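Written out below as structure tokens is the structure these notes cover.
Protein chains: 2
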Amino acid sequence: MSYESELNAVIGAIAPTDPAAEEAAWTRLDNLTKPPRSLGRVEGLAARVACVQGTDRPSVAKKVVLLMAGDHGVVEEGVAVYPQDVTWQMVANIVGKGAAINQFAASVGADVLVHDVGVIRDLSDMPGVVIRKVAPGTRNMAVGPAMTREEAAQAVMVGVQAARDAVAAGAELISTGDMGIGNTTPASALTAVFADAEPALVCGRGTGLDDEGVAHKVAVVERALQVNGVNELDPLGVLAAVGGLEIAALAGVVLGAAEQRTCVVFDGFISGSAALAAVRICPAAADYLFPSHRSVEPGHSVQLDALGLEPVLELDMRLGEGTGGALTMGIIDAACRMISNMATFAEAGVSDKE
Amino acid sequence: MSYESELNAVIGAIAPTDPAAEEAAWTRLDNLTKPPRSLGRVEGLAARVACVQGTDRPSVAKKVVLLMAGDHGVVEEGVAVYPQDVTWQMVANIVGKGAAINQFAASVGADVLVHDVGVIRDLSDMPGVVIRKVAPGTRNMAVGPAMTREEAAQAVMVGVQAARDAVAAGAELISTGDMGIGNTTPASALTAVFADAEPALVCGRGTGLDDEGVAHKVAVVERALQVNGVNELDPLGVLAAVGGLEIAALAGVVLGAAEQRTCVVFDGFISGSAALAAVRICPAAADYLFPSHRSVEPGHSVQLDALGLEPVLELDMRLGEGTGGALTMGIIDAACRMISNMATFAEAGVSDKE
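Given below as structure tokens:
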């Protein structure tokens, strides 16, 4: 069976959530010992998780960041500030618990699982890395497709399987996370296509480009879109042409979580391009998708608008790795504890409004 | 010794933080394995905690919400939506772990300590409540001063002592929290005075007033300010005239934390009025004061502006109890773990920019 037909089976298995469960959650929320709706957006998060889990006592006690790593042929065009070796060096740093995501995840009690989907260097002897390498990096999308269609489907299925494995191990909330030097360039290309936006509106400074660097990135994205003649009605084809192996895998994480009826938070700009791809591949997956923060990367706001989502946090972050996702998992955890464990007015013997 | 002279000793003991510690923190932050400043405001939080703690490896592992409860004579004017009994009923609910603050605090690993500073009902037989009652509720500020000057100073010292006790028990981060039916009315009056704002700009719906109720609240606040002839250059006198026992105690929590060189997060509108009072009483306390969320209550933004602080979270909450403070403690925890435990580029063997 081809990876694309496996993916089609996943798409067919994703069902929308039941709005009745969300209504039941609001009934419970409005009976808890607080003025109705006084917890604002935290109540909305609780209701959405309740809807996904089909219960008015949802739980996200067990949390995991599924972090996908890959390299990008397009760095040949000089779009990255850091050398390409930083991809594997940061993978090593993450399994060694030295990266930002390790600390943010620890602060909310989440595990971090790093997957090699497309790092150039052989990481098979690096303890702690889940090896799911589809290819040692993508090809340069500015001169031709970054991946074959089957490579892209295989990378998506890596993410689907990672989500399935996480849920089988008990995960109740998943966040996406990324690592890949140069990956804001394919993320910009994907966002331009899936959000129907000019490349100049979705290309930002990444890890630290100056104005000239950003202008060059815009030109590279424009060239990649032209060379590959992408068709937005074929989202897997778009992912293959101007995506990345780790980005495709992150789209798979969203689809796999949706298949498993599990809430999935998407992190920043790279994860946002993957979330957009996932929702274009299967619109029903949107019911399981939660925003996290608003990245400083300008294309992230374009993605959020295209997805119709308001971010939970606005902290001027732009790191990726799942850092915004992890912090947001903490807020969602508070939301679930609130709806599940608070006393009602009747239970607590508290008088309601006069 | 009078309570006011005890308070003056506290004010004299509060010293500004050392900016050199913040500079050292930024040096460390810029050497950690991430693009410089890519964690945005989270880095700023880490630097501020580092400055308060005088180390570039700060910790806020032990966290506590100091929740102060009190009743308000001004409810005679019909400014509250819930009956006055809800104050003690909610205190019972909080010690029984049924309130929102219990769940939010649990989600960030914080303890909650409830103090009776001025609840009308005798709570001495309610297990778990710290009894520090100064008076059984304030008097109606619309007809005269809510407290005597000495009562207000005593209530402030309740908060100072609560902060001292918390720090002695190991607390590294404190959040304020409030409970008191009717307390948005004194909080509005204090904000009008300390932020030099029209009452109409700082009176909101509280727990659920309609437009007519808000207009009535504005009239009550205007009357209280007129009847009491408050002088903003005497902040303790203002607190006594138009404050509340739990609000005075929360101002004391801020002052006590500052005296103990400990970071203190202030919650929503009630806590914001206490934070403003504390900073007017002792401007150096501002170095130890951290914002949390932006409440829907319009006066909260006025307070934040007057304090020159940007909130960390904007989640459309308006509950109080310390709920916004608790969530923010989680973000500050992530910030401290990040600066203290991340690897530097050199330690991790990660290449820096080319």
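So the protein sequences, as listed, match chains A and B.
One rule links them: number in the numbering used here = place in the first sequence (from 1) + 369.
One rule links them: number in the numbering used here = place in the second sequence (from 1) + 369.
C-beta: ideal position from N, C-alpha, C; glycine also.
Computed from a prediction, not measured in an experiment: that's the story for all the values here.
ask   = Applying a beta-carbon distance threshold of less than 8 Å, which residues of chain A neighbour B/V536?
value = Sequence index remark: in the second sequence, residue 536 of chain B carries index 167 (1-based). Near B/V536 there are no residues of chain A at all, since even the closest Cβ is about 22 Å away, more than 8 Å.
key: Per-residue DSSP class, three states only, for A/H441   = In the first sequence, the residue the question calls residue 441 of chain A occupies position 72. Shown here, A/H441 sits in coil according to DSSP, grouped into three states, outside any helix or strand.
query = In chain order, what residues of the same chain have a beta carbon less than 8 Å from the beta carbon of A/D685, not counting five sequence neighbours either side?
reply = As a working note, residue 685 of chain A is residue 316 in the first sequence. Around A/D685: V665.
inquiry  = Below 8 Å on C-beta distance, what does B/T402 contact in chain A?
reply    = Position 33 of the second sequence holds residue 402 of chain B. Those are M459, N462, G467, A468, A469, listed as they occur along chain A.
ask   = Counting only beta-carbon atoms, is A/F659 nearer than 8 Å to chain B?
value = Here residue 659 of chain A corresponds to residue number 290 of the first sequence, with the count starting at 1. No, because no Cβ of chain B sits closer than 8 Å to the Cβ of A/F659.
task = Please specify which runs of the beta strand (DSSP E), each continuous and at least 3 residues long, are wholly inside the segment 600-688 of chain B, giving them in chain order.
result = Runs of the beta strand (DSSP E) inside the segment 600-688 of chain B: 632-634.
message = Quick check on DSSP: helix, strand or coil for B/D399?
response = Translated into the one-based positions of the second sequence, residue 399 of chain B becomes position 30. Here B/D399 sits in coil by DSSP.
inquiry  = Please tell me whether A/Q724 has its Cβ less than 8 Å away from any Cβ of chain B.
reply    = This structure does not reach residue 724 of chain A, given that chain A is present from 370 up to 723, and the question cannot be answered.
message = Does the CB of B/I700 have a neighbour CB from chain A at under 8 Å?
response = For the purposes of this step, residue 700 of chain B is identified with residue 331 of the second sequence, where counting begins at 1. B/I700 belongs to the set of residues whose beta carbon lies under 8 Å from a beta carbon in chain A.
ask   = Hey, which unbroken runs of the alpha helix (DSSP H) at 4 residues or more fall wholly within the segment 527-581 of chain B?
value = Within the segment 527-581 of chain B, complete alpha helix (DSSP H) segments of at least 4 residues are found at 553-563, 568-571, given in chain order.
ask   = Between the Cα of B/N710 and the Cα atoms of A/Q422, A/Q458, A/N471, which residue gives the shortest distance?
value = Taking the second sequence and counting its residues from 1, the one referred to as residue 710 of chain B is at position 341. Residue A/N471 holds the alpha-carbon nearest to the alpha-carbon of B/N710 among A/Q422, A/Q458, A/N471.
ask   = Among A/L678, A/L619, A/G381, A/S407, which one has its Cα closest to the Cα of A/N552?
value = Within the first sequence, residue 552 of chain A is the residue found at index 183, counting from 1. Minimum Cα distance to A/N552 is reached at A/L619.
ask   = Where do the N-terminal and C-terminal ends of the beta strand (DSSP E) with B/L482 fall, by residue?
value = Here residue 482 of chain B corresponds to residue number 113 of the second sequence, with the count starting at 1. B/L482: member of the beta strand (DSSP E) spanning 479-487, first to last residue.
ask   = For the candidate residues A/E581, A/Q453, A/D480, A/K403, whose alpha-carbon lies nearest to that of A/V464?
value = Translated into positions along the first sequence, residue 464 of chain A becomes position 95. Nearest Cα to A/V464 within the set A/E581, A/Q453, A/D480, A/K403: A/D480.
message = Would B/K431 and B/G539 qualify as a contact pair, given that the criterion is a beta-carbon distance under 8 Å?
response = Indexing the second sequence from 1 puts residue 431 of chain B at position 62. Indexing the second sequence from 1 puts residue 539 of chain B at position 170. Yes, these two residues count as a Cβ contact at 8 Å.
query = How many Å lie between A/A474 and A/E581 at the Cα?
reply = Along the first sequence, read from residue 1 onward, the residue named residue 474 of chain A stands at position 105. Along the first sequence, read from residue 1 onward, the residue named residue 581 of chain A stands at position 212. C-alpha separation (whole angstroms): 35 Å.
request  = For A/D485, decide whether its Cβ has a neighbour in chain B, counting only Cβ atoms nearer than 8 Å.
outcome  = Within the first sequence, the letter at position 116 stands for residue 485 of chain A. Closer than 8 Å: no.
key: Selection of the segment 671-697 of chain B by Cβ proximity to chain A, strictly under 8 Å   = Listed by position, the residues of the segment 671-697 of chain B near chain A (Cβ gap below 8 Å) are V681, L682, E683, L684, D685, M686, R687, L688, T692, A695, L696.
message = Looking at the secondary structure, which residues open and close the alpha helix (DSSP H) in which A/V418 lies?
response = Position 49 of the first sequence, counted from the first residue, corresponds to residue 418 of chain A. First-last of the alpha helix (DSSP H) with A/V418: 409-422.
request  = Output yes or no for whether 8 Å exceeds the beta carbon distance between A/A522 and A/L376.
outcome  = As a working mapping, residue 522 of chain A is identified with position 153 in the first sequence. As a working mapping, residue 376 of chain A is identified with position 7 in the first sequence. Contact flag set, yes.
ask   = In chain A, which residues lie less than 9 Å from B/Y451 when you measure between Cβ atoms?
value = The count along the second sequence starts at 1 and reaches residue 451 of chain B at position 82. Near B/Y451 (Cβ distances below 9 Å), the residues of chain A are P404, V719, S720, D721, K722, E723.
Identity of the residue in A/V477, A/G447, A/A556 nearest B/I701 by Cα = The residue given as residue 701 of chain B occupies position 332 in the second sequence. Distance from the Cα of B/I701 is smallest, within the candidate group A/V477, A/G447, A/A556, for A/V477.
task = Mind checking who B/I500 pairs with in its DSSP beta bridge?
result = In the second sequence, counting from the first residue as 1, residue 500 of chain B sits at position 131. B/D485.
query = Given that a residue counts as buried once 16 or more other Cβ atoms are within 10 Å of its Cβ, and exposed if not, what is B/L371?
reply = Start at 1 with the first residue of the second sequence, and residue 371 of chain B comes out as number 2. Sequence inspection shows Ser at residue 371 of chain B; the Leu mentioned does not correspond to that position. Looking at its Cβ environment, which holds fewer than 16 other Cβ atoms inside 10 Å, B/S371 is exposed.
query = When DSSP builds the beta bridges, which residues end up paired with A/K432?
reply = As a position in the first sequence, residue 432 of chain A is number 63, starting the count at 1. Its beta-bridge partners are A/A479, A/L542.
task = Check the Cβ-Cβ distances between A/S407 and every residue of chain B, and say whether any is below 8 Å.
result = Here residue 407 of chain A corresponds to residue number 38 of the first sequence, with the count starting at 1. Yes, A/S407 lies at the interface with chain B (some Cβ there is under 8 Å from its Cβ).
query = Can you give the beta carbon distance from B/V681 to B/H662, rounded, assuming they're within the 8 Å contact cut?
reply = Here the question's residue 681 of chain B lines up with position 312 in the second sequence. Here the question's residue 662 of chain B lines up with position 293 in the second sequence. Yes, they are in contact, since the Cβ atoms of B/V681 and B/H662 sit about 7 Å apart, within 8 Å.
ask   = Who does A/T713 pair with in a DSSP beta bridge?
value = Translated into positions along the first sequence, residue 713 of chain A becomes position 344. Note: A/T713 sits in a beta bridge opposite A/L401.
query = Whose C-beta lies closer than 7 Å to the C-beta of B/V590 among residues of the same chain, with five residues either side of it excluded?
reply = Along the second sequence, read from residue 1 onward, the residue named residue 590 of chain B stands at position 221. The answer, listed in chain order, is T554, S557, A558, A561, P568, C572.
request  = Please decide whether A/M548 counts as near chain B, where near means a Cβ-Cβ distance under 8 Å.
outcome  = As a working mapping, residue 548 of chain A is identified with position 179 in the first sequence. Using a CB distance cut-off of 8 Å, A/M548 does not count as an interface residue toward chain B.
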